[in-house]
Structures are given as structure tokens and as C-alpha cells.
Amino acid sequence: MTDDEFNRIKDAEKQHLRAKRTLRRLQNALREQKEAGRGTVARMTERIQALFNDHRSALDALQWDTARLEARLDALRDTLTGASADTDARNSDPRESDGPGDDDVSDDEATLRMHRAERLVDDLRTQLDTDAPDAPRDSSSSTNDSSESAPPDDGLPEKTIGRVPRS
Numbered sequence: 001m002t003d004d005e006f007n008r009i010k011d012a013e014k015q016h017l018r019a020k021r022t023l024r025r026l027q028n029a030l031r032e033q034k035e036a037g038r039g040t041v042a043r044m045t046e047r048i049q050a051l052f053n054d055h056r057s058a059l060d061a062l063q064w065d066t067a068r069l070e071a072r073l074d075a076l077r078d079t080l081t082g083a084s085a086d087t088d089a090r091n092s093d094p095r096e097s098d099g100p101g102d103d104d105v106s107d108d109e110a111t112l113r114m115h116r117a118e119r120l121v122d123d124l125r126t127q128l129d130t131d132a133p134d135a136p137r138d139s140s141s142s143t144n145d146s147s148e149s150a151p152p153d154d155g156l157p158e159k160t161i162g163r164v165p166r167s
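So in UniProt numbering, spot 63 of the sequence shown is number 63, and the numbers just go up one at a time.
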């Protein structure tokens, strides 16, 4: 083997080693980029899941509040309907005497019931305006609140039909 052949082989080997080193660097850079991409996707997935969970809990709280307020509204309607039915029944009862003071008493009772109903409706409207999922509940807003049980910290009832408890 001559010196020229040896130098040619030596240069070819150096060039091959340089190319191999470059490929190894590219491979490492691509591996790091792939890992960074996986981390980014994992973080995005976690954030999306957290947003989804927040959205779900907000919807559950809203549904719970809506159901509670609808129940209060139904109770209020029943109270108002019952009050007007009682008044109608008393006015149409033939056993009642038609004395001079009876009209005044029934008018006073009707007025009193109307004022009470208006006050209940105003309380309900006030609570609807002031209640928000993030706002704390005002325990002194009406007398009906004392009969209702307070919701858990996350705004959901402890047990409901068809719902699996969160872990």
C-alpha cells in the first residue's frame, strides 16, 4: 500500500466518522424534540382535562341551583295557588254568614296574602339576581333557606339517582 492510498483511505474514514457524528447529533436532537412534543401534548391534555372538569362541575352546580330554585318557585306557586283556592272556597261557602264585617275580613286576608306573596316573589328574584355559582349563599335571604340542606363544598348533592360519586 502506498502513502497516497493510505491517505485516501484515512481521509475517507475521517469523512465517514464526521458523517456518523453528524447523524448521531441529528438523532439526539430529534429524540429531544420528540420528548418535548410528548411533554407538550401531555400538558395540553392535562389542561384540557382540567378545563373539562371545571366546566362539568360548573354545569353540575348550575343544574343543582336551577333545580333548587325551580323547587322553590313551584312551592311558591303552590302556596299562591293554595291561598287563592282557600279564598275562593271561603267566598263561595254558603255556610259562612254574610255579616257586615265579613267582606272587610276577607279583603284584609286577601290583601295580606297578596303582600306576603309579593314579598316571597321579591325575595326569590333577589336571590336569583344575587346567587351565582361562585358567590357564597346568603343564609338570611328568606325563611325557606333554613329548611333546605346546604350543598357540599363542590356545589353538588352528596348522592343523586344515577350519578356515580366522584373520587
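From the three backbone atoms N, C-alpha and C, an ideal C-beta is built for every residue, glycine too.
{"Item": "Asp108 classed as buried or exposed, judged by whether at least 16 other C-beta atoms fall within 10 angstroms", "Value": "exposed"}
{"Item": "The segment 74-84 in contact with the segment 41-48 per 3-pair CB rule at 8 Å", "Value": "no"}
{"Item": "Exposure of Arg72, with buried meaning 16 or more beta-carbon neighbours within 10 Å", "Value": "buried"}
{"Item": "Nearest to Ala75 (by Cα), restricted to the options Asp60, Gln33, Leu120", "Value": "Leu120"}
{"Item": "Backbone secondary structure at Thr2 - three-state DSSP", "Value": "coil"}
{"Item": "For Glu70 and Leu128, the rounded distance between their alpha carbons", "Value": "11 Å"}
{"Item": "Outcome for Phe6 when other beta-carbon atoms lying within 10 angstroms are tallied against a minimum of 16", "Value": "exposed"}
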